[in-house]
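Engineer: Here you go, one structure.
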Amino acid sequence: MPRDSRPEPPVSEAALFARASELGGRTLGDVAARFDLVPPPDLRRAKGWVGHLFEYALGATARSRASPDFEALGIELKTIPVRRDGIPCESTFVCTIDLAGIGSVEWDESLVKRKLSRVLWIPVAGERDVPVAARTIGTPLLWSPSEADVAALRLDWEELSAVIGRGDVEMLTGHLGRHLQVRPKAADARSRRRGVDRDGASIATLPRGFYLRAQFTAKILAEHFAIGSQRHDREM
DNA sequence: TATTGATCATAT
DNA sequence: ATATGATCAATA
Numbered sequence: 009m010p011r012d013s014r015p016e017p018p019v020s021e022a023a024l025f026a027r028a029s030e031l032g033g034r035t036l037g038d039v040a041a042r043f044d045l046v047p048p049p050d051l052r053r054a055k056g057w058v059g060h061l062f063e064y065a066l067g068a069t070a071r072s073r074a075s076p077d078f079e080a081l082g083i084e085l086k087t088i089p090v091r092r093d094g095i096p097c098e099s100t101f102v103c104t105i106d107l108a109g110i111g112s113v114e115w116d117e118s119l120v121k122r123k124l125s126r127v128l129w130i131p132v133a134g135e136r137d138v139p140v141a142a143r144t145i146g147t148p149l150l151w152s153p154s155e156a157d158v159a160a161l162r163l164d165w166e167e168l169s170a171v172i173g174r175g176d177v178e179m180l181t182g183h184l185g186r187h188l189q190v191r192p193k194a195a196d197a198r199s200r201r202r203g204v205d206r207d208g209a210s211i212a213t214l215p216r217g218f219y220l221r222a223q224f225t226a227k228i229l230a231e232h233f234a235i236g237s238q239r240h241d242r243e244m
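Letter by letter, the first sequence follows residues 9 to 244 in the working numbering.
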């Protein structure tokens, strides 16, 4: 029998953050056991397992629904795998791209801007030499991008969107974009999605998504820790 | 070894 | 087949 059943959605941002904070310092195995879930030995065949665990443990809206994860609060949940030194192991997936329509979308109404407006980051040990069940949960961070962040993300988004919009999606590589990049987001390399070519004609191409580079999220987490230790100093 | 391109599971 | 949750693994 599970010791805890699935919690109700949190009623406020503070309640959500408090709930997430209680998980800090514990292992994924601890949390999974509370809900009678079994951690896989590794994530090769369960890449979304950590994210799903936290959706469940924090009372996120059902997986079937559209984002944000906490609809009533307008908060997006992101687990982020980190090394022992706190630096992210991976980039962070933001959203898939409507390759046929993004050329006529403005930044202010973009999915990237909306999804990143409020994010609950949960750092989790992500090194592959640690079994999933033994991986430690870090201190959560409730984040909104600074004005400088928004400006920088907008610059990347507009550049990348323009390339897609003008019909050069096939020229895009993961190299483009300072903080935001475009990479495949598909079941495999044969997947196809509707896009447009340089003549504006409809083509079938690889589905792609926006991702945040690890360097960008590293900065977010680093600033978080810096502020945390500053507060700690003042308390002493 | 950091990064890009490829891939895996589940639910709808 | 698409959307959401991401990490894997080959490459540079």
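Yeah, the Cβ is synthetic: ideal placement off N, Cα and C, and Gly gets one too.
Here the structure is a predicted model, which is why all the values come from computation and not from measurement.
Any idea what DSSP makes of R4, helix, strand or coil?
Structural biologist: Because residue 4 is not part of the residues shown, which for the chain are 9 to 244, the question remains open.
Engineer: Quick check: V190 and G146, are their CB atoms within less than 9 Å of each other?
Structural biologist: No, these two residues do not count as a Cβ contact at 9 Å.
Engineer: If you draw a straight line from the C-alpha of A23 to the C-alpha of I130, how long is it?
Structural biologist: Approximately 15 Å between the Cα atoms of the pair.
Engineer: Distance check for G59 and V140, CA to CA, integer angstroms please.
Structural biologist: So the alpha carbons of these two residues sit roughly 12 Å apart.
Engineer: Three Cβ pairs or more, each shorter than 8 Å: is that satisfied between the region 82-97 and the region 105-118?
Structural biologist: Flag = no, the region 82-97 and the region 105-118 do not touch.
Engineer: For K55, which of helix, strand or coil comes out of DSSP?
Structural biologist: Coil.
Engineer: Using alpha carbons as the reference points, say which of G94, G82, F43 lies closest to A234.
Structural biologist: Checking every option, the nearest Cα to that of A234 belongs to G94.
Engineer: For E30 versus G67, is the C-beta distance shorter than 9 Å?
Structural biologist: Cβ atoms of E30 and G67: not closer than 9 Å.
Engineer: Applying the criterion that 16 or more other CB atoms from any shown protein chain within 10 Å of the CB defines a buried residue, is P96 buried or exposed?
Structural biologist: Per the 10 Å Cβ criterion, buried.
Engineer: Output yes or no for whether 9 Å exceeds the beta carbon distance between L220 and T104.
Structural biologist: No.
Engineer: Mapping DSSP to helix, strand and coil, what is V127?
Structural biologist: It is a strand residue.
Engineer: Beta-carbon within less than 8 Å of R200's beta-carbon, same chain only, minus the 5 sequence neighbours each way: which residues are those?
Structural biologist: Answer for R200: A212, T213, L214, P215, listed in chain order.
Engineer: Roughly how many angstroms lie between the CA atoms of S118 and A142, to the nearest whole one?
Structural biologist: For S118 and A142, the distance between alpha carbons rounds to 38 Å.
Engineer: Leaving aside the five residues before and after K227 along the sequence, list all residues of the same chain whose C-beta is less than 7 Å from its C-beta, in chain order.
Structural biologist: Contacts found: none.
Engineer: E135: which of D44, A41, P49, D157 sits nearest, CA to CA?
Structural biologist: Taking only the C-alpha atoms, the option nearest E135 is P49.
Engineer: Pull up the CB-CB distance for G175 and V204, whole angstroms please, since I reckon it's below 8 Å.
Structural biologist: Right, their Cβ atoms sit about 5 Å apart.
Engineer: Buried or exposed: which applies to D196, given that a residue is buried once 16 or more other Cβ atoms fall within 10 Å of its Cβ?
Structural biologist: The residue in question, D196, is exposed, as its Cβ has fewer than 16 Cβ neighbours within 10 Å.
Engineer: May I have the straight-line CA-CA distance separating T35 from V132, to the nearest angstrom?
Structural biologist: Going from the Cα of T35 to the Cα of V132 covers about 9 Å.
Engineer: What does the Cβ neighbour count give for V171, buried or exposed, with the cut at 16 atoms within 10 Å?
Structural biologist: With 16 or more other Cβ atoms within 10 Å, it is buried.
Engineer: Taking just the CA atoms, how far does P148 sit from R242?
Structural biologist: For R242, the predicted model reports a pLDDT of 30, less than 50, meaning its position is unreliable and no value from the coordinates is stated.
Engineer: Classify R34 as helix, strand or coil using the three-state DSSP reduction.
Structural biologist: Reduced to three states, the DSSP call for R34 is coil.
Engineer: Take F62 and list the residues in its own chain whose beta-carbon comes closer than 7 Å to its own, dropping the five residues that flank it on each side.
Structural biologist: Cβ within range, chain order: L85, T87, I130.
Engineer: Roughly how far, in whole angstroms, is the beta-carbon of V102 from the beta-carbon of K123, given that I think they are within contact range, below 8 Å?
Structural biologist: The Cβ separation is near 6 Å, so the contact holds.
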